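Peer 1: Residue numbers (our numbering): -14 to 559. Heads up, the beta-carbon is just placed ideally off N, CA and C, and yes, glycines get one too. Just so you know, these numbers come straight off a predicted model, no measurement behind them.
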């Protein structure tokens, strides 16, 4: 269903069962759950799908080892189960990640960890070997009945230094366990939407659709055309995360303060020495102030983060200079001999963790669990509060069950084992599948390999479209002209940011340049019929967004088009 068709359907039939406000991963999840169970449901996102917190996660799919210290055993157990389900249902995007913890003391943190568990202290502190060992034993126990990945192992200092010679030599041990990572989280959300609408033609999902109260009821505004239409749901689900309180105010829902988010910022670094030093592992470490930090190989570069800072304004969130300095300082602690230059930082981003309102002064102690809070009224509002990316499916199922009960409906379909997008019919022997696709469409082997990594088995459709006409790579982005045309045609792309920051990994992988932007703008403008002044405005808006939120100014983007750019050679070797 195209965007125009979606709007036409709503104009004809504004009365619906459920309106989901918020097109992040939790909103998409509950939308999918309800649609697959026969509910007449509409999802409205005021910006682009997965453009808020769902685009700014640490790219980890994990149980939350540190949450054990807070006594959140139920959350850890649930997260590990959902992690393993994602490994099975979305194997094209979610993959195992060996995770190594450098340990700098054997006994530190014992008393403090016990006090934190009992709620007697809120202060973070270093964890020693015994504390970490206890946590990893519990981690293994929670997955004991369905062993999806290896158990943890401890290493001596000598073994650790032999494997990671650049790591801080003051450590005494290290421990390795397995979690997972997600390569393209925004694409996973988009595939869930496409799957749902394809199977449930009555379900509608629209981006750039703002909801507020006006004209005696709720109005749905098309942010692209400026038009507004009435919508009359029996029930609303507020899945806007850090924006929940703002959304409740906009729709006139009686409210009290529900949310109290914290900001997490991350850097993407291209540095050959750092990439090599990781040896394929994520390093999960404590900074000197006790804050947990991570760094791991990500799409040929290194992702490092993050901060945890209270914020009351989700619209203004960005990685500030002091956060950038903090992240680099933490990196310098764990790999003291590796120098990171300013030009090595090729991308930065920040997002809001959608945490429940709390007066706790230590942000790490705010619960990471999720729950639903119902605001009664003429149209009840179910607020999805809290949560982490890993548990989006179970959170969506929880909210859907609450709604189904209120509607007097019975669930007849679960999503626990439902494959997502390109995870369907995923081949055991990937190389054979890629070779067959390569031969079928007479595509270059390296190009076909990239398509499989980006789309899983959905690469079949993309490859077929690409093979139907002459094609060329867009600059040095690693993406192809007809590939982008395919995405523009089927994935509700409305802006350059949609395409270059979310439908593709061009931005976060450091392959974005001024030349890539201009060629992409020509494609999108041609497909959308934009006149010259509209294209110029789109270009200016996108460049301003990159400078404001992602640390990319026009001079940097222009330099990336030159042969002198330092970006290309390190990536080839990586």
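(1) With DSSP collapsed to three states, give me the class of residue 177.
(2) Between which two residues does the beta strand (DSSP E) harbouring residue 2 extend?
(3) Where are the alpha helix (DSSP H) runs, 4 residues long or more, that stay fully inside the region 306 to 367, in chain order?
(4) From residue 463 to residue 89, what does the alpha carbon distance come to, in whole angstroms?
(5) Do you know how far the Cα of residue 429 is from the Cα of residue 420?
(6) Exposed or buried, residue 298, counting other C-beta atoms within 10 Å across all chains shown (16 or more means buried)?
(7) Can you tell me whether residue 87 is buried or exposed, with buried defined as 16 or more other CB within 10 angstroms of its CB?
(8) What residue ranges within the region 113 to 143 form continuous alpha helix (DSSP H) runs of no fewer than 4 residues, ordered along the chain?
(9) Does the region 48 to 64 come close enough to the region 22 to 39 to have 3 or more Cβ pairs within less than 8 Å?
(10) Drop a sphere of 10 angstroms on the beta-carbon of residue 59, count the other beta-carbons inside from all chains shown, and report buried for 16 or more, exposed for fewer.
(11) Among residues of its own chain, excluding the 5 on either side of residue 155, which ones have a beta-carbon nearer than 8 Å to its beta-carbon?
(12) Please confirm whether residue 179 and residue 406 have their CB atoms less than 8 Å apart.
(13) For residue 314, which residues of its own chain have a beta-carbon under 8 Å away from its beta-carbon, when the five flanking residues on both sides are left out?
(14) Going straight from the alpha carbon of residue 2 to that of residue 365, what length do you get?
(15) Would you give the residue range spanned by the alpha helix (DSSP H) that residue 385 belongs to?
(16) Smallest Cα separation from residue 195: which of 205, 187 and 501?
(17) Please classify residue 511 as buried or exposed, where buried requires at least 16 neighbouring CB atoms within 10 angstroms.
(18) DSSP state of residue 398, grouped into three classes?
(19) Using a Cβ distance threshold of 8 Å, determine whether the region 536 to 543 contacts the region 328 to 344, with at least three qualifying pairs required.
(20) Quick check on the burial criterion: 16 or more other C-beta atoms within 10 angstroms. Buried or exposed for residue 132?
(21) May I ask you to list the residues that DSSP assigns as paired with residue 371?
(22) By DSSP, does residue 541 sit in helix, in strand, or in coil?
(23) Which residue from 371, 174, 71 and 235 puts its Cα closest to that of residue 199?
(24) Rounded to whole angstroms, what's the CA-CA distance from residue 547 to residue 360? Just pull it up for me.
(25) Roughly how many angstroms lie between the CA atoms of residue 207 and residue 197, to the nearest whole one?
Peer 2: With the structure as the only source:
(1) helix
(2) 0 to 6
(3) 306 to 319
(4) 41 Å
(5) 10 Å
(6) exposed
(7) buried
(8) 114 to 127
(9) no
(10) exposed
(11) 89
(12) yes
(13) 272
(14) 12 Å
(15) 377 to 392
(16) 205
(17) exposed
(18) coil
(19) yes
(20) exposed
(21) 355
(22) helix
(23) 235
(24) 56 Å
(25) 12 Å
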